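Below is one structure; the comments refer to it alone.
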Amino acid sequence: MSILGLTLDYGPFGFMDRFDPEFVCNASDRRGRYSYQAQPSVCRWNLARLAEALGSELHASHAGSILDEFMPLYETFYLANRRRKLGLLRQKEPEDKELVSDLLQLMRNTGADFTNTFRLLSRLSVPEEGGLSRDLVVDLILKQCSSLEDLKRFEDKSLKDNLELATVLSMAQTNPTMFGLMADQPEVAHQLEKMDRRKELLSTNQDEHRAKQKEDWLRWVSRYRKRLDRECHGVRDVCNIEQERIHVMDSTNPRVVLRNYIAQNAILAAENGDFSEVRRVLQVLQNPYSAQTERELPGACGVDALEWEKNHTEMRTKETRRDGSQTHIPYDSMPPAWAREICVT
45 MSILGLTLDY
55 GPFGFMDRFD
65 PEFVCNASDR
75 RGRYSYQAQP
85 SVCRWNLARL
95 AEALGSELHA
105 SHAGSILDEF
115 MPLYETFYLA
125 NRRRKLGLLR
135 QKEPEDKELV
145 SDLLQLMRNT
155 GADFTNTFRL
165 LSRLSVPEEG
175 GLSRDLVVDL
185 ILKQCSSLED
195 LKRFEDKSLK
205 DNLELATVLS
215 MAQTNPTMFG
225 LMADQPEVAH
235 QLEKMDRRKE
245 LLSTNQDEHR
255 AKQKEDWLRW
265 VSRYRKRLDR
275 ECHGVRDVCN
285 IEQERIHVMD
295 STNPRVVLRN
305 YIAQNAILAA
315 ENGDFSEVRR
325 VLQVLQNPYS
335 AQTERELPGA
345 CGVDALEWEK
355 NHTEMRTKET
365 RRDGSQTHIP
375 YDSMPPAWAR
385 EICVT
């Protein structure tokens, strides 16, 4: 991290689709030191190393007091950003922090797409008759959630990759007393909760799973809509407030991000000598908040669509046979099944 607070990374990277606080962009980071949820503590660690480098100019006690300011300052900016993502612009309520944390937990539990879920929330209208109803918005969000099989696969991989958990679980048979002590540790308790969640997934079916997802999302969206109602309290021109909210949300929550499958498709095309997909992706990512999708179609970068299709049929056939990838996928779509196998390391 530079002194400006910018991340400098020369190595591999990946992009988060389904929200997972434990998401690790670099598969070689087996212990999750740089996971999504660990980023604030890693930033503080970086600042501590900077303070050490300035030791001759910065007294240790003074450096410590400065470092103590980081987390409260970070949390203030973080909540302000989340309020903008949710369009909470006029009021600051104590319950907002819980509303945000419950949203993220729900996204994690339902395997919801991080980018698309936030983007969809701007379509919920206040007053309700001016836009999509709660139920319609929830139906759209459910399309961004993981199926039962996907969540099972995700939980299985998460537990399989945790070598420390395997060691602790073996103690349950060989040393129950030690296991009891270890189970009280926060990290171990968290992993045991994940095991319970996996058991719950194994005991349900897709219809029950989808019904539970819908019930949970309806409950949260109802809370969110009541919070939006309070934004309009005492305001005569609700339409202007709504327009501002939608504008801010759609200017804060991108429609398109560089997902792994998008990058992989561009890479495969480039390896075959065709850089049109690279140019197209670059052009789209220069305006990630735009609602226009024309640039994402073949031919948008000066290549005739029919010619593009002719030139790429054979290449796509080979690619699909090799790893299932293809380039005819909208950039704001959830990742296709083959993208689950992409491992960046």
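Its first residue numbered 45, the sequence shown is counted upward by one per residue in this note's numbering.
No residue lacks a Cβ here, since even glycine has one placed at the ideal position from N, Cα and C.
It should be emphasised that the depicted structure is a prediction, and the values quoted were computed from it without experimental measurement.
Let's test the definition: count the other Cβ atoms within 10 Å of the Cβ of P374 and tell me whether it reaches 16, buried, or not, exposed. exposed
Are at least three pairs of beta-carbons, each pair with one atom in the stretch 278-292 and one in the stretch 301-308, less than 8 Å apart? no
Start and end of the alpha helix (DSSP H) containing V388? Taken as a continuous stretch (DSSP letters only), V388 belongs to no alpha helix (DSSP H), as it is neither H nor E.
Is A335 close to chain C? Criterion is C-beta to C-beta, closer than 8 Å. Protein chains in the displayed structure number just one, and chain C is not present.
Go through its chain and collect everything with a Cβ distance to P116's Cβ below 7 Å, but skip five positions before and after it. none
Separation of L91 from A104, as counted between CA atoms: 13 Å
Can you tell me the Cα-Cα spacing of N249 and R126, whole angstroms? 34 Å
Determine the closest residue to E193 out of D183, S145, S169, L246, with distance taken between C-alpha atoms. L246
Relative to the C-alpha of S191, which candidate in E237, E252, V181, R167 has its C-alpha closest? E252
Rounded separation between C69 and R62 - CA only: 13 Å
With a 10 Å radius around its C-beta and 16 neighbouring C-beta atoms as the bar for buried, classify E199 as buried or exposed. buried
For E252, the three-state DSSP class (helix, strand or coil): helix
Compute the distance between the beta-carbons of E275 and R134, then report whether it is under 8 Å. yes
Roughly how many whole angstroms lie between the Cα atoms of R269 and Q308? 38 Å
Would you mind stating whether M378 and N153 have Cβ atoms separated by less than 8 Å? no
8 Å CB neighbourhood of F158 in its chain, flanking five on each side removed: M60, D61, R62, F63, M151
In terms of residues, what are the limits of the alpha helix (DSSP H) holding V182? 178-186
Helix, strand or coil: which one does DSSP assign to D194? helix
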